[in-house]
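Student:
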Amino acid sequence: MTRDGGTNGAVVRVAAVGDIHLSPDCRGLLRPSFATLPLCADVLLLAGDLTRHGTVPEAEVVAEEVRDLGVPVVAVLGNHDYHSEQEADVARVLGDAGVTVLEGDRVLLPIGGGKVGIAGAKGFCGGFAGSSAGEFGEREMKDFVRAARREADGLYRALSGMDAEGCGARIALTHFAPVPDTLAGEPVEIYPFLGSYLLAEAIDEAGADLAVHGHAHLGTEHGMTAGGVRVRNVAQPVIGKAFALYHLPLVPTPVHPTPGEPPAEPASR
Amino acid sequence: MNTDEGEYRIARFRDRLARGDVAELGVRVEMRGTSVLLTGTLPSAGRRDEILRIAATELGGIPLHSDLLIACADPPDRPEELS
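Protein chains in written order, with full-length UniProt numbering: chain R, 1 to 269; chain D, 1 to 83.
1) Less than 8 Å between the CB atoms is what I'm expecting for D:Glu-58 and D:Arg-9, so what's the real figure, rounded?
2) Are the CB atoms of R:Tyr-197 and R:Phe-128 within a distance shorter than 9 Å?
3) Spell out a yes or no on whether the region 228–236 of chain R and the region 59–70 of chain R are touching, meaning 3 or more CB-CB pairs, one atom from each, closer than 8 Å.
4) What residue does the beta strand (DSSP E) around R:Thr-174 start on, and which one ends it?
5) Mind checking if D:Leu-37 is an interface residue toward chain R, Cβ cutoff 9 Å exclusive?
6) Go ahead and label R:Glu-87 buried or exposed: buried means 16 or more other beta carbons lie within 10 angstroms of its beta carbon, across all protein chains shown.
7) For D:Gly-6, decide whether its Cβ has a neighbour in chain R, counting only Cβ atoms nearer than 9 Å.
8) For D:Pro-75, which residues of its own chain have a beta-carbon under 6 Å away from its beta-carbon, when the five flanking residues on both sides are left out?
9) What are the partner residues of R:Gly-117, as DSSP defines its beta bridges?
10) Check whether the Cβ of R:Thr-174 lies closer than 9 Å to any Cβ atom in chain D.
11) With distance defined between alpha-carbon atoms, name the residue in R:Leu-39, R:Asp-49 and R:Arg-13 nearest to R:Pro-237.
12) Could you give the distance in angstroms between the alpha-carbon of D:Arg-47 and the alpha-carbon of D:Gly-33?
13) Identify which residue in R:Ala-172, R:Gly-168 and R:Leu-30 has its Cα closest to the Cα of R:Glu-201.
14) Using only the alpha-carbon positions, how far apart do R:Asp-163 and R:Val-251 sit?
15) So what's D:Leu-68 in DSSP terms, helix, strand or just coil?
16) CA-CA distance, R:Gly-28 and D:Ala-55?
17) In chain order, what residues of the same chain lie with their CB nearer than 8 Å to the CB of R:Ala-34, ignoring the 5 residues before and after it?
18) Taking Cβ positions, are R:Ala-75 and R:Val-99 nearer each other than 9 Å?
19) Report the residue from R:His-247, R:Ile-239, R:Leu-248 and R:Tyr-246 whose alpha carbon sits nearest the alpha carbon of D:Leu-42.
20) Mind checking if D:Pro-63 is an interface residue toward chain C, Cβ cutoff 9 Å exclusive?
21) With a cut-off of 9 Å, does the C-beta of R:Phe-144 fall near any C-beta of chain D?
22) Across the region 175–183 of chain R and the region 206–221 of chain R, are there enough close Cβ pairs to call them in contact, namely three or more that are closer than 8 Å?
23) Is the beta carbon of R:Ala-47 sitting closer than 9 Å to the one on R:Arg-13?
24) Run the CB neighbour count on R:Pro-72, radius 10 Å, all protein chains shown included, and call it buried at 16 or more, exposed below.
25) What residues of chain D sit near R:Ile-20, judged by a beta carbon separation below 7 Å?
26) Would D:Arg-12 pass as an interface residue toward chain R - the criterion being a Cβ-Cβ separation below 9 Å?
27) Is R:Asp-96 near R:Val-90, with beta carbons less than 9 Å apart?
28) Considering Cα atoms alone, identify which of D:Ala-45, D:Phe-13, D:Gly-20 and D:Arg-19 is closest to D:Leu-37.
29) Find the residues of chain R that neighbour D:Arg-32, judging by a C-beta separation of less than 7 Å, and give them in chain order.
30) Could you give the first and the last residue of the continuous beta strand (DSSP E) run that contains R:His-222?
31) On the criterion of 16 or more Cβ atoms from any shown chain inside 10 Å, does R:Val-17 qualify as buried, or is it exposed?
32) Based on the DSSP output, what are the partners of R:Tyr-246 in its beta bridges?
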């Protein structure tokens, strides 16, 4: 159970992976494993860095890996997917293959009698509380910090309102890390380039049941925000598999009368 | 080899990995005594061989140890239950 209300044992089965860094030499690499997803998962999350250089031919390789999988596929892009400044084309190619690409927005999926909300944003770097970059000085420095703030604001907006929409499980999907816990194994000196505490702040303030990210290849899988939200680093080198699998409790959506119909008669008077 | 010179060559090697066609930020390059150690996980054997070729060019003359792994593309054998 993640919030008030029971789940009756219901779960959403979340498959997730990031940092697959595909290019034409990797065609078909993950498809055999992804083809098993309908048997074990309700949704596949892709946590960015899906391509090597962010080109259309690379995005086409990713698209073929996940096309017609039989489960919904929801993605955010990562810094590699922006490298060639063709991120809109990368997102379009993935969208044409049926992938929902999120950037500061959310998707609600009806799964197993409940509603699963996934809020996504690439996120950005800047560091963690106590050792983070400040919005001060040169324009370049201020732009850097503002970029992180914009990403966190987008994630906050996407997460907010999921309760009102009746989501029984809320997932925050980013590429950059919201907490330093899942960076353990990376050189401490580069933590400020791996994530931002602003993402964790957005997750804790808006509320979520699970936060999934990638980016830190040498990090570790498990972490938690200050507010107690579980964080999972699903960068493929970290999880050591084609995808990680999480069973997340799902609060079933209450059954409401159809709009326009009179409310059901109470069982007894 | 002068230590400072080694440092700069390693920095140039890292920079070359990050730039251009390679775009590889997931390889850790560290000085271990008088040798260089490469660690990290790559998507394919071809990608690993490419890194080793560049290392041989950029770091020629410095003893090189490689512990680069290939990512496992198998599905997981069990889920994590989040209660």
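Don't be surprised by glycine CBs; every beta carbon is placed ideally from N, CA and C.
Since the model is a prediction, treat every value here as computed from it, not as a measurement.
Tutor: The answer reads as follows:
1) To locate residue 58 of chain D, count along the second sequence from 1; it is residue 58. To locate residue 9 of chain D, count along the second sequence from 1; it is residue 9. D:Glu-58 to D:Arg-9, Cβ: 7 Å. Contact.
2) The residue labelled residue 128 of chain R in the question sits at position 128 within the first sequence. The residue labelled residue 197 of chain R in the question sits at position 197 within the first sequence. Yes. Within cutoff.
3) In this structure the region 228–236 of chain R does not lie against the region 59–70 of chain R, because fewer than three pairs of beta carbons, one per stretch, are closer than 8 Å.
4) By 1-based counting over the first sequence, the position of residue 174 of chain R is 174. Taken as a continuous stretch (DSSP letters only), the beta strand (DSSP E) holding R:Thr-174 covers 169–174.
5) Along the second sequence, one-based indexing puts residue 37 of chain D at 37. D:Leu-37 does not count as touching chain R.
6) Residue numbering aside, residue 87 of chain R sits at position 87 when the first sequence is read from its first letter. The residue in question, R:Glu-87, is buried, as its Cβ has 16 or more Cβ neighbours within 10 Å.
7) Counted from its first residue, the second sequence places residue 6 of chain D at position 6. Answer no: the Cβ-Cβ gap between D:Gly-6 and chain R never drops below 9 Å.
8) As a first step, residue 75 of chain D is located in the second sequence; it is residue number 75 there, counting from the start. Hits under 6 Å: none found.
9) Along the first sequence, read from residue 1 onward, the residue named residue 117 of chain R stands at position 117. Paired residue(s): R:Leu-108 and R:Arg-170.
10) The sequence position of residue 174 of chain R within the first sequence is 174, counting from 1. No - not a single Cβ of chain D is within 9 Å of the one on R:Thr-174.
11) As a first step, residue 237 of chain R is located in the first sequence; it is residue number 237 there, counting from the start. That would be R:Asp-49, whose Cα lies nearest to the Cα of R:Pro-237.
12) Your numbering for residue 47 of chain D matches position 47 in the second sequence. Your numbering for residue 33 of chain D matches position 33 in the second sequence. Rounded to whole angstroms, D:Arg-47 to D:Gly-33 spans 27 Å at the Cα level.
13) The residue you call residue 201 of chain R lines up with position 201 of the first sequence. The shortest Cα separation from R:Glu-201 among R:Ala-172, R:Gly-168 and R:Leu-30 belongs to R:Ala-172.
14) The residue given as residue 163 of chain R occupies position 163 in the first sequence. The residue given as residue 251 of chain R occupies position 251 in the first sequence. Linking R:Asp-163 to R:Val-251 through their CA atoms gives a straight-line distance of about 11 Å.
15) Numbered from its first residue, the second sequence carries residue 68 of chain D at position 68. If DSSP states are grouped into helix, strand and coil, D:Leu-68 belongs with the strands.
16) For the purposes of this step, residue 28 of chain R is identified with residue 28 of the first sequence, where counting begins at 1. For the purposes of this step, residue 55 of chain D is identified with residue 55 of the second sequence, where counting begins at 1. Looking at the two C-alpha atoms, the distance is approximately 28 Å.
17) Numbered from 1 along the first sequence, position 34 holds the residue referred to as residue 34 of chain R. For the sequence presented, residue 34 of chain R should be read as Phe rather than Ala. These residues qualify, in order along the chain: Leu-44, Glu-65, Val-66, Leu-69, Ala-242 and Phe-243.
18) Reading the first sequence from its first residue, position 75 is the one you call residue 75 of chain R. Reading the first sequence from its first residue, position 99 is the one you call residue 99 of chain R. Yes, the pair counts as a contact, with Cβ atoms nearer than the cut-off.
19) Along the second sequence, read from residue 1 onward, the residue named residue 42 of chain D stands at position 42. Closest by alpha carbon: R:Ile-239.
20) Given the protein chain composition of this structure (R and D), no chain C is represented.
21) Position 144 of the first sequence, counted from the first residue, corresponds to residue 144 of chain R. Not one chain D Cβ lies under 9 Å of R:Phe-144.
22) In short, these stretches touch, since the Cβ pair count reaches three.
23) Residue mapping note: residue 47 of chain R aligns to position 47 of the first sequence, counting from 1. Residue mapping note: residue 13 of chain R aligns to position 13 of the first sequence, counting from 1. Cβ distance not < 9 Å, so R:Ala-47 and R:Arg-13 don't count as in contact.
24) To locate residue 72 of chain R, count along the first sequence from 1; it is residue 72. Classification for R:Pro-72: buried.
25) Residue mapping note: residue 20 of chain R aligns to position 20 of the first sequence, counting from 1. Near R:Ile-20 (Cβ distances below 7 Å), the residues of chain D are Pro-43.
26) Within the second sequence, numbered from 1, the residue matching residue 12 of chain D stands at position 12. No, no contact with chain R.
27) Your numbering for residue 96 of chain R matches position 96 in the first sequence. Your numbering for residue 90 of chain R matches position 90 in the first sequence. No, the Cβ-Cβ distance between R:Asp-96 and R:Val-90 is not below 9 Å.
28) As a first step, residue 37 of chain D is located in the second sequence; it is residue number 37 there, counting from the start. The residue with the shortest Cα to Cα distance from D:Leu-37 is D:Phe-13.
29) Within the second sequence, the letter at position 32 stands for residue 32 of chain D. Near D:Arg-32 there are no residues of chain R at all, since even the closest Cβ is about 14 Å away, more than 7 Å.
30) Along the first sequence, read from residue 1 onward, the residue named residue 222 of chain R stands at position 222. That run of the beta strand (DSSP E) goes 222–224.
31) In the first sequence, the residue the question calls residue 17 of chain R occupies position 17. By the beta-carbon neighbour count (other beta carbons within 10 angstroms, threshold 16), R:Val-17 is buried.
32) Counted from its first residue, the first sequence places residue 246 of chain R at position 246. DSSP lists R:Val-14 and D:Glu-80 as partners of R:Tyr-246.
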